[in-house]
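Listed in order, the protein sequences are those of chains A and B.
Convert by adding 42 to the 1-based position in the first sequence; the result is the number in my numbering.
Convert by adding 94 to the 1-based position in the second sequence; the result is the number in my numbering.
Okay, so here's the structure we're looking at.
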Amino acid sequence: MKNSLWRRVKQYRMFYLLLVPVVVYYAIFSYIPMYGVTLSFKKYMFNKGVLGSPWVGFDNFHYIFRYSAFWNAFRNTIWISFGRLLVEFPMAIIVALLLNEIGGSRLKKLYQTVFTFPHFLSWVVLGGILVNILGNTGTVNALFEALGLPEVNFLSNPDTFRPFLYVTSIWKEAGWSAIIYMAAIAGISPELYEAAYMDGANRWKQMLHVTWPSISGIVAMMLILAISGILNGGFEQIFNLYSAGVYDVADILDTFIYRLSFSGNVSLGYGVITAVGLFKSVISLVLLVMANFIVKRMGQEGLM
Amino acid sequence: MDTTNDLNQATGHPESRIATRGKSSVDLVLHLLFLLAAACAIFPFYTVVISSFGTPTGHVLPTTFTLEGYKQIIQFGVGRAFTVSVLVTLVGTFMSLFLTTIAAYALSKKGMPGWKYIMGFIVFTMFFGGGLIPYYLTIKGIGMINSYWVMILPSAINTFYIWIMLSFFRDYPVSLEESAKIDGAGDFMILLRIVIPTSMPVIASISLFYAVDRWNDWYTPMLFLQDTAMYPLQLMLKNMLANIGQILSMNAGISSVAQSKINIPQDSLKMAAIMVASVPIMAVYPFLQKYFAKGVMIGSIKG
């Protein structure tokens, strides 16, 4: 037995060799930082490093749980993420279903091109563009003024900031996310539609009884991924668009962690900041497992 | 359109559905809706173009045409940032592609003893990470702060892209590899001479994914570069959007015809910078698009 295992290992030796750089890469850039989460239970001292710093038990966690800005960021993360799930997640599916309805016209290609395009620009670029158009002196406010409406600065108004987030990320990503559903729709056999048509199903019924069941597996998988990423509420977008005036509604755990780490407030200590990060990761992991369980219960194929 | 004809050629293409859809005013409404949405999606980019040539914000039609904004950002060093971005994108994409391809190819061999453990080792990183501070300390510990490599090495592999490539390789016809083996080719030769050339669609789309990610990256350099002279385009732009006033007065100090130049609207300078940071992608986008769609399809449907 042992002999044959050794033979198989030898047979695959080239593939192990190919994996060496990859494993080294993950060890350095993923696993060493993962070990760094032990900082959550330590008081970090610059001269002693991660390994040498003294343990402090759950002190850092006790500290963040009494810190109101932490809870504000936590609440915002949850609200913004659930808002995204409710508003943005279905948009891509709707776009795909509707684009499918207009058939293979040349215009369909044009729409797709236009809708996927913003995906390829960074939030830095898009942030600059959005300020240009939605800021105080922007085109939209010029229009409002012409219509005699009051001026709204969408970026610095706490009431409009979250809807602004949803709308702009739909603008950036809905067309792109729709591609995966469109790919699934393209794989549906036309005979299914013909059969439904013969049975008297109109377009709405065809969509409901043919298209939807065929893509629901992919929808379930995307939903799991979306839920597991729920605490990653779009750092790049918010970081490029928010300002101190809207922290109350816009500050999420990631932006909070960034500001704590690099905006001069290091007095809190790296241990405390790492604890916030660990708290976030653990909840994400729990959500992932839960979402996977629920989707499997609903009869879909889960992730694991 | 001839419905019977369409019914006959049931090719699996959406076009063949026309027969079963019936014709209605729904199509018209959908087209109107999409045209409106497309116009809304495009309009912001249009305003960028006109303001980069000097039209003040808030105007729908262009009022002026000046290249002053572009001249100013060139003076500010956009050329150097552009070079950094191009080099990082080229070297980074090549490196990522190399690592991702060998990883995906090796991992597609499910019969390899220990496959499950190696796969678990890699996939776990998709769902759990150390967080910002431990990551920062690791990079600092390696000595990568203020080095160009920091924009290339730490983000060299994207696990999700490995997954897409892996599902492509897994469906690769085994017979092709076997016949090459009979002809005496080694594993490495097979990868180089047979698998890679026949996997071009997926390799092309993955390399384009990586290239776009590199080009748009501003966060890594923001964390790890302190020297503004090393900034890539996106980070320079970010810096510029935040501190435009300061930059203008600095440029004015350098320039001999200082005062006249400060008179151009700040927005046109910002928008000129935005143009420089996005035009390269706009230019290649039409070529990329079909690959992207294909790449996603390969990963999603077969995976």
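Just so you know, even glycine gets a beta-carbon here, dropped at the ideal spot from N, CA and C.
Predicted model, so just to flag it, every value in this text is computed and none were measured.
Check the Cβ-Cβ distances between B:S273 and every residue of chain A, and say whether any is below 8 Å.
Counting from 1 along the second sequence, the entry for residue 273 of chain B is found at position 179. B:S273 does not count as touching chain A.
What residues of chain A sit near B:L231, judged by a beta carbon separation below 7 Å?
Position 137 of the second sequence, counted from the first residue, corresponds to residue 231 of chain B. Neighbours of B:L231 on chain A, chain order: G78, V92.
Taking the beta carbon of B:K275 as the centre, do at least 16 other beta carbons fall within 10 Å, making it buried, or is it exposed?
Counting from 1 along the second sequence, the entry for residue 275 of chain B is found at position 181. It counts as exposed.
Give me the Cα-Cα distance between B:L247 and B:G186, rounded to the nearest whole angstrom.
Along the second sequence, read from residue 1 onward, the residue named residue 247 of chain B stands at position 153. Along the second sequence, read from residue 1 onward, the residue named residue 186 of chain B stands at position 92. Taking the straight line joining both Cα atoms gives about 8 Å.
Which of the three DSSP states is assigned to A:W97 in this structure?
Indexing the first sequence from 1 puts residue 97 of chain A at position 55. In the structure shown, A:W97 sits in a strand (DSSP, three-state: E or B).
On a CA-only basis, which of A:L59, A:W213, A:I280 is nearest A:M133? Give me that one, please.
Residue numbering aside, residue 133 of chain A sits at position 91 when the first sequence is read from its first letter. A:M133 has its Cα closest to that of A:W213, out of A:L59, A:W213, A:I280.
Which residues in the same chain have their Cβ closer than 8 Å to the Cβ of A:I106, if we skip the five residues on either side of it in sequence?
Along the first sequence, read from residue 1 onward, the residue named residue 106 of chain A stands at position 64. So the list reads F112, V314, A317, V318, F321, once near-sequence residues are dropped.
Would B:F381 be called buried (16 or more neighbouring beta carbons within 10 Å of its own) or exposed?
Numbered from 1 along the second sequence, position 287 holds the residue referred to as residue 381 of chain B. Looking at its Cβ environment, which holds fewer than 16 other Cβ atoms inside 10 Å, B:F381 is exposed.
With 8 Å set as the bound, which would you pick, yes or no: does the beta-carbon of B:M313 sit closer than that to a beta-carbon of chain A?
Indexing the second sequence from 1 puts residue 313 of chain B at position 219. One point to set straight first is that residue 313 of chain B is Tyr, not Met, in the sequence displayed. Answer yes: the Cβ-Cβ gap between B:Y313 and chain A drops below 8 Å somewhere.
Where DSSP assigns a beta bridge to B:K364, which residues make up the other side?
Numbered from 1 along the second sequence, position 270 holds the residue referred to as residue 364 of chain B. For B:K364, which the question treats as bridged, DSSP gives no partner whatsoever.
Leaving out five residues before and five after A:H251 in sequence, what residues of the same chain have Cβ atoms less than 7 Å from its Cβ?
Your numbering for residue 251 of chain A matches position 209 in the first sequence. Correct list, in chain order: A238, A243.
Starting from B:K203, follow its DSSP beta bridges and name the residues at the other end.
Locating residue 203 of chain B in the second sequence gives position 109, where the first residue counts as 1. Looking at the DSSP assignment, B:K203 forms no beta bridge with any residue, so it has no partner.
Taking 8 Å as the threshold (C-beta atoms), are B:S145 and B:D361 in contact?
Within the second sequence, residue 361 of chain B is the residue found at index 267, counting from 1. Within the second sequence, residue 145 of chain B is the residue found at index 51, counting from 1. Yes, the pair counts as a contact, with Cβ atoms nearer than the cut-off.
Within 8 Å of any Cβ in chain B, is that where the Cβ of A:Q342 sits?
What you label residue 342 of chain A is simply residue 300 of the first sequence in a count that begins at 1. Taking Cβ atoms only, chain B never reaches closer than 8 Å to A:Q342, which makes this a no.
Alpha carbon to alpha carbon, what distance is there between A:M56 and B:S372?
As a position in the second sequence, residue 372 of chain B is number 278, starting the count at 1. As a position in the first sequence, residue 56 of chain A is number 14, starting the count at 1. Their backbone Cα atoms lie some 42 Å apart in a straight line.
In chain A, what lies closer than 9 Å to B:M404 by C-beta?
Outside the displayed span of chain B (95 to 397) sits residue 404 of chain B, for which this structure offers no information.
In angstroms, rounded to a whole number, what distance separates the CA positions of A:K84 and A:V166?
By one-based count along the first sequence, residue 84 of chain A stands at place 42. By one-based count along the first sequence, residue 166 of chain A stands at place 124. Rounded to the nearest angstrom, the two C-alpha atoms are 35 Å apart.
Checking contacts by CB at 8 Å: is B:G224 closer than that to chain A?
Within the second sequence, the letter at position 130 stands for residue 224 of chain B. Yes, B:G224 counts as interfacial toward chain A.
Is there a Cβ of chain B sitting closer than 8 Å to that of A:G319, yes or no?
On the first sequence, position 277 is the one that residue 319 of chain A refers to. Yes, contact with chain B.
With respect to the alpha helix (DSSP H) encompassing A:E343, which residues constitute its N-terminal and C-terminal limits?
Position 301 of the first sequence, counted from the start, is the residue given in the question as residue 343 of chain A. From DSSP, A:E343 is part of no alpha helix (DSSP H); its letter is neither H nor E.
What three-state label does DSSP hand A:K85 in the structure shown?
In the first sequence, residue 85 of chain A corresponds to position 43, counting from 1. Coil, per DSSP.
When the cut-off is 8 Å and only beta carbons count, does B:Y199 lie next to chain A?
Here residue 199 of chain B refers to the residue found at position 105 of the second sequence. So yes, B:Y199 belongs to the interface.
Could you compute how far the alpha carbon of B:G223 sits from the alpha carbon of A:P75?
Here the question's residue 223 of chain B lines up with position 129 in the second sequence. Here the question's residue 75 of chain A lines up with position 33 in the first sequence. Computed Cα separation, rounded: 7 Å.
Distance, Cα to Cα, A:L140 vs A:G217?
Numbered from 1 along the first sequence, position 98 holds the residue referred to as residue 140 of chain A. Numbered from 1 along the first sequence, position 175 holds the residue referred to as residue 217 of chain A. Approximately 12 Å between the Cα atoms of the pair.
Give a yes or no on contact between the segment 252–267 of chain B and the segment 191–202 of chain B, applying the rule of three or more CB pairs nearer than 8 Å.
Yes, they touch.
Under 8 Å between the Cβ atoms of B:V296 and B:F318?
If you number the second sequence from 1, residue 296 of chain B lands on position 202. If you number the second sequence from 1, residue 318 of chain B lands on position 224. Not closer than 8 Å, so no.
Can A:K78 and B:T232 be called in contact, C-beta distance under 8 Å?
Numbered from its first residue, the first sequence carries residue 78 of chain A at position 36. Numbered from its first residue, the second sequence carries residue 232 of chain B at position 138. It is Gly, not Lys, that sits at residue 78 of chain A in the sequence shown. The answer is yes: Cβ separation under 8 Å.
Give me, in chain order, the residues of the same chain whose beta-carbon lies closer than 8 Å to that of A:T297; leave out the 5 immediate sequence neighbours on both sides.
Within the first sequence, numbered from 1, the residue matching residue 297 of chain A stands at position 255. Excluding residues within five positions, the ones whose Cβ falls inside 8 Å are A115, F277, I280, F281, Y284.
Could you tell me if the beta carbon of A:I135 falls within a distance shorter than 7 Å of some heavy atom in the ligand SAM?
The ligand SAM is not part of the structure shown, which contains no ligands of any sort.
Can the beta-carbon of B:A175 be found less than 8 Å from the beta-carbon of B:P326?
For the purposes of this step, residue 175 of chain B is taken as residue 81 along the second sequence, with counting starting at 1. For the purposes of this step, residue 326 of chain B is taken as residue 232 along the second sequence, with counting starting at 1. A contact, by the Cβ cut-off of 8 Å.
Go through the segment 150–184 of chain B residue by residue and report every complete run of the alpha helix (DSSP H) that reaches 4 residues or more, in order.
Runs found: 162–169.
Would A:G180 pass as an interface residue toward chain B - the criterion being a Cβ-Cβ separation below 8 Å?
Locating residue 180 of chain A in the first sequence gives position 138, counting from the first residue. Closer than 8 Å: yes.
I'd like the span of the alpha helix (DSSP H) that includes A:D293, first residue to last.
As a first step, residue 293 of chain A is located in the first sequence; it is residue number 251 there, counting from the start. From DSSP, A:D293 is part of no alpha helix (DSSP H); its letter is neither H nor E.
What's the gap between the Cα of B:R287 and the Cα of B:L302?
The residue labelled residue 287 of chain B in the question sits at position 193 within the second sequence. The residue labelled residue 302 of chain B in the question sits at position 208 within the second sequence. Each residue's Cα considered, the two are about 22 Å apart.
On the premise that B:V142 lies in contact with B:Q368, defined as a C-beta separation below 8 Å, what is that separation, rounded to the nearest angstrom?
Position 274 of the second sequence holds residue 368 of chain B. Position 48 of the second sequence holds residue 142 of chain B. It is worth fixing the name first, because residue 368 of chain B is Ile in this sequence and not Gln. Going by Cβ atoms, the distance from B:I368 to B:V142 rounds to 6 Å, so yes, they are a contact pair.
State whether the segment 90–107 of chain A contacts the segment 322–332 of chain A, with contact taken as three or more CB pairs (one from each stretch) at a distance under 8 Å.
The segment 90–107 of chain A, when compared against the segment 322–332 of chain A, does not touch it at the 8 Å Cβ threshold.
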